[in-house]
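Participant: Shown below is the structure under consideration.
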Amino acid sequence: MWRAATDHQHLVVEQDRILQDHSDAADATDAADAADTMTAVGFKGEKEPTVDGGRLTWNLMISVIASLCGMFTFGYNTGVINSPKTDIKNFINSVYLSRYGQAADDALAESLFSYIVAAFALGGLVSGPLAGLLAEGLGRKGGLLLISAVGVVASLLLGFANLAASHEMLLVGRFLIGACSGLFTSLSPMYISEVAPLAMRGALGVCNQLSVTIALLVAQLLGADFGLQRWDVLLGISAVPCVVLLVLLPLCPESPRFLLASGRVDAAENALSWLRAAPASHVHAEVQAMKDEEEGAEPAMGFLQLVRNSSLRKPLLVAAVLQLSQQLSGINGVLYYSTDVFTKAGLDESTSKLATVGTGGIMVLMTLVSTQFVDRLGRRALLLLGLVGMFVSSLAVTATLGLANEGAVVRALAVVSVLAFVVLFSLGPGSIPWLITAELFSQGPRPAAMACSVTVNWAANLVVSLAFPPMQVALGYLVFAPFSVLLFFFSLFTALRVPETKNKTFREIADSFR
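For any residue, its number in the numbering used here is found by taking its place in the sequence shown, counting from 1, and adding 243.
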């Protein structure tokens with residue numbers, strides 16, 4: 244753990260030697276040679292003042308994993324509710340039978356189940372605007388701990404609803420876990436972006452979506468025919484990541500950037516020392532870089548101040564559109580419809596369900612792949628590649644579904660189109676919005692901006708969850724056509740308006756909009 248500190252001591256000695264050797268250099272060429280030599284032995288200059296050169300220390304890993312438990316909670320509760328639909332409707336019928344002497348009719352049971360599903364998105368929408376206040380009032384760490392405690396309570400309501408014979412507990416539990424997820428989707432990416440070294444900010448930022456996709460896959464596996472047979476246990480399991488966060492995060496420090504913004508310089512140095520696994524004296528350069536970066540930056544502000552600030556409206560628009568591109572891409576519809584596509588391709592129902600689970604596995608794999616490229620190719624390039632590819636794939640999905648009866652080749656193309664859509668979503672649009680939204684703003688406006696963009700995400704989530712079923716009935720195989728139009732717009736917007744943030748400090752990114 245302390246190896247980074249030892250390595251740095253050797254680098255410091257080497258740096259001093261090189262600087263001494265060139266102290267008498269008379270021209271710019273010699274000075275440039277000195278700088279090149281320093282880079283060769285491990286120094287990256289002012290753009291990357293981290294002592295570990297961007298390496299992942301054990302302490303940083305613990306902090307990131309603890310924070311990612313929040314995103315896991317969000318992903319798990321997004322995907323867990325669909326598999327036990329029949330069992331939950333039967334539970335609602337049994338509750339009505341015990342209370343009123345007759346079971347609820349199918350229309351009522353379906354309506355109540357829809358409310359239970361929608362309560363999750365509604366909770367996220369309501370809590371989203373509060374994320375900035377929580378992040379500034381309790382700090383990133385304190386906010387995450389409070390949300391996790393509430394998440395445990397919500398999970399207990401979900402887990403014991405069957406025992407209490409109360410569908411109302413399901414409604415309240417889903418709303419509360421949705422509210423927690425709404426706050427997690429703001430504070431978790433914010434915390435990670437503020438503790439990550441510049442050279443690793445992209446890869447660690449993509450881990451937000453990686454955690455979501457892993458959680459979706461776990462939910463699919465546990466909800467499958469070979470998984471858990473108790474729907475109440477399935478829903479109550481969401482307490483596990485919250486408990487893990489409550490155990491791990493107290494071991495980790497508050498965000499150094501938040502501490503600096505609060506005027507606690509010594510605490511910030513100690514926090515960064517722990518994260519980088521190095522003595523406090525060896526992280527002074529990075530702390531100073533953070534201080535320099537925040538000098539002249541905007542102060543903490545609320546939503547109205549954010550909107551009124553002309554220099555912040557452009558990045559706020561970019562953040563909002565990127566969040567919309569994630570939810571309005573049609574990915575939820577494709578995943579919902581994938582079992583049907585596989586069935587039309589000739590697979591039996593059981594195999595089609597397994598193939599759908601396999602689709603979840605592909606999302607995990609491709610999101611993991613994107614972590615390797617986000618700091619090489621850049622955020623904008625991956626996002627644009629994903630959106631354009633999804634646009635083409637959505638056209639292919641629509642065409643092949645309309646011609647599904649024309650033969651085995653067309654049905655096979657439908658399967659390939661669905662898989663391509665999922666792969667391309669995982670490469671860019673699935674992960675980049677969480678990352679880039681936190682990068683577009685300096686320390687002061689970041690909490691309010693994250694709260695605004697997350698609220699947009701959850702509002703779109705709610706709209707899609709309510710609108711897609713009737714769209715499917717009304718449009719049939721053309722249900723993806725509206726999403727194709729939106730994907731074309733999002734691709735054009737990204738090409739024209741979204742800046743590249745790779746290897747740029749928060750100040751440099753903010754300055755690019757001025």
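Idealized CB from N, CA, C, for every residue including glycine.
For C495, name the three-state secondary structure that DSSP assigns.
Facilitator: Start at 1 with the first residue of the sequence shown, and residue 495 comes out as number 252. Coil at C495, not helix or strand.
Participant: Can you tell me the Cα-Cα spacing of L667 and L630, whole angstroms?
Facilitator: The residue labelled residue 667 in the question sits at position 424 within the sequence shown. The residue labelled residue 630 in the question sits at position 387 within the sequence shown. L667 and L630: Cα-Cα distance of roughly 7 Å.
Participant: For L417, I'd like the list of residues in its chain whose CB is within less than 6 Å of its CB, leaving aside the five on either flank, ordered along the chain.
Facilitator: Along the sequence shown, one-based indexing puts residue 417 at 174. The amino acid at residue 417 is misidentified as Leu; the sequence shows Arg. If we look at R417 and ignore the five residues flanking it on each side, its Cβ neighbours are I359, A362 and F363.
Participant: Out of T329, E743 and D349, point me to the one whose CA is closest to L620's CA.
Facilitator: Taking the first residue of the sequence shown as 1, we reach residue 620 at position 377. The residue with the shortest Cα to Cα distance from L620 is E743.
Participant: Smallest Cα separation from L303: which of S516, E592 and N333?
Facilitator: Stepping through the sequence shown from its first residue, residue 303 is reached at position 60. Among S516, E592 and N333, the Cα nearest to that of L303 is on S516.
Participant: Using 8 Å as the Cβ pair cut-off and three pairs as the minimum, do the region 717–725 and the region 378–386 touch?
Facilitator: The region 717–725 is not in contact with the region 378–386.
Participant: Closer than 8 Å by C-beta to T759: which residues in its own chain qualify, once you throw out the five before and the five after it? Chain order, please.
Facilitator: As shown, the chain starts at 244 and ends at 757. That puts residue 759 outside it, with no answer to give.
Participant: Should L373 and L426 be called a contact, given that it needs their Cβ atoms to be closer than 9 Å?
Facilitator: Along the sequence shown, read from residue 1 onward, the residue named residue 373 stands at position 130. Along the sequence shown, read from residue 1 onward, the residue named residue 426 stands at position 183. Yes. Within cutoff.
Participant: Only counting the same chain, and skipping five residues up and downstream in sequence, which positions put a Cβ closer than 8 Å to that of F546?
Facilitator: Locating residue 546 in the sequence shown gives position 303, counting from the first residue. Once the five neighbours on either side are set aside, the close Cβ partners of F546 are P372, G375, A691, A694 and C695.
Participant: Out of curiosity, what's the CA-to-CA distance linking A703 and L567?
Facilitator: One-based indexing of the sequence shown puts residue 703 at position 460. One-based indexing of the sequence shown puts residue 567 at position 324. Looking at the two C-alpha atoms, the distance is approximately 6 Å.
Participant: With a CB to CB cut of under 6 Å and the five nearest residues on each side skipped, what residues in its chain are close to S398?
Facilitator: What you label residue 398 is simply residue 155 of the sequence shown in a count that begins at 1. For S398, where only same-chain residues beyond five positions count, the Cβ hits under 6 Å are G479, S481 and A482.
Participant: Below 8 Å on the Cβ atoms is my contact criterion, and I expect L459 with T321 to pass it. Report the Cβ-Cβ distance as a whole number of Å.
Facilitator: Stepping through the sequence shown from its first residue, residue 459 is reached at position 216. Stepping through the sequence shown from its first residue, residue 321 is reached at position 78. 7 Å between Cβ atoms; contact.
Participant: Suppose you measure from the CA of L729 to the CA of S572; what does that come to, to the nearest Å?
Facilitator: By 1-based counting over the sequence shown, the position of residue 729 is 486. By 1-based counting over the sequence shown, the position of residue 572 is 329. C-alpha separation (whole angstroms): 7 Å.
Participant: Assign D618 to one of three DSSP states: helix, strand, or coil.
Facilitator: Residue mapping note: residue 618 aligns to position 375 of the sequence shown, counting from 1. Reduced to three states, the DSSP call for D618 is coil.
Participant: Drop a sphere of 10 angstroms on the beta-carbon of S553, count the other beta-carbons inside from all chains shown, and report buried for 16 or more, exposed for fewer.
Facilitator: For the purposes of this step, residue 553 is taken as the residue at position 310 of the sequence shown. Exposed, by the Cβ-count rule.
Participant: Which one of A514, W701 and V395 has the shortest CA to CA distance from P496?
Facilitator: Your numbering for residue 496 matches position 253 in the sequence shown. Residue A514 is the option with its Cα nearest to P496.
Participant: At which residue ranges does the region 428–511 contain complete beta strand (DSSP E) runs of 3 or more residues, listed in the order of the chain?
Facilitator: Counting only runs of 3 or more, we get nothing.
Participant: For A408, count the other beta carbons within 10 Å of its own beta carbon; 16 or more makes it buried, fewer makes it exposed. Which is it?
Facilitator: For the purposes of this step, residue 408 is taken as residue 165 along the sequence shown, with counting starting at 1. Exposed, since its Cβ has fewer than 16 Cβ neighbours within 10 Å.
Participant: Taking the C-alpha atoms as reference points, what is the distance between E437 and A681?
Facilitator: For the purposes of this step, residue 437 is taken as the residue at position 194 of the sequence shown. For the purposes of this step, residue 681 is taken as the residue at position 438 of the sequence shown. Spanning the two alpha carbons is a distance of roughly 9 Å.
Participant: Are the Cβ atoms of V617 and L678 separated by less than 9 Å?
Facilitator: The count along the sequence shown starts at 1 and reaches residue 617 at position 374. The count along the sequence shown starts at 1 and reaches residue 678 at position 435. Yes, Cβ-Cβ distance for V617 and L678 is below 9 Å.
Participant: Kindly indicate which three-state DSSP category R298 falls into: helix, strand or coil?
Facilitator: The residue given as residue 298 occupies position 55 in the sequence shown. Note: R298 maps to coil in three-state DSSP.
Participant: Between which two residues does the alpha helix (DSSP H) containing R551 stretch?
Facilitator: Against the sequence shown, residue 551 aligns to sequence position 308. Here the alpha helix (DSSP H) through R551 covers F546 to R551.
Participant: Cβ of L389 within 9 Å of Cβ of L377?
Facilitator: As a position in the sequence shown, residue 389 is number 146, starting the count at 1. As a position in the sequence shown, residue 377 is number 134, starting the count at 1. Closer than 9 Å, so yes.
Participant: With C-beta atoms as the reference, is Y599 less than 9 Å away from T456?
Facilitator: Counted from its first residue, the sequence shown places residue 599 at position 356. Counted from its first residue, the sequence shown places residue 456 at position 213. The amino acid at residue 599 is misidentified as Tyr; the sequence shows Thr. No; because the gap between Cβ atoms is not below 9 Å, this pair is not in contact.
Participant: Is N451 buried or exposed, if buried means 16 or more other CB atoms sit within 10 Å of its CB?
Facilitator: One-based indexing of the sequence shown puts residue 451 at position 208. With 16 or more other Cβ atoms within 10 Å, it is buried.
Participant: Compute the Euclidean distance between the alpha carbons of K332 and A422, then round it to the nearest angstrom.
Facilitator: As a working mapping, residue 332 is identified with position 89 in the sequence shown. As a working mapping, residue 422 is identified with position 179 in the sequence shown. Their backbone Cα atoms lie some 24 Å apart in a straight line.
Participant: Using a beta-carbon distance below 9 Å, is R740 in contact with chain D?
Facilitator: Absent here is chain D; the protein component of the structure consists of one chain.
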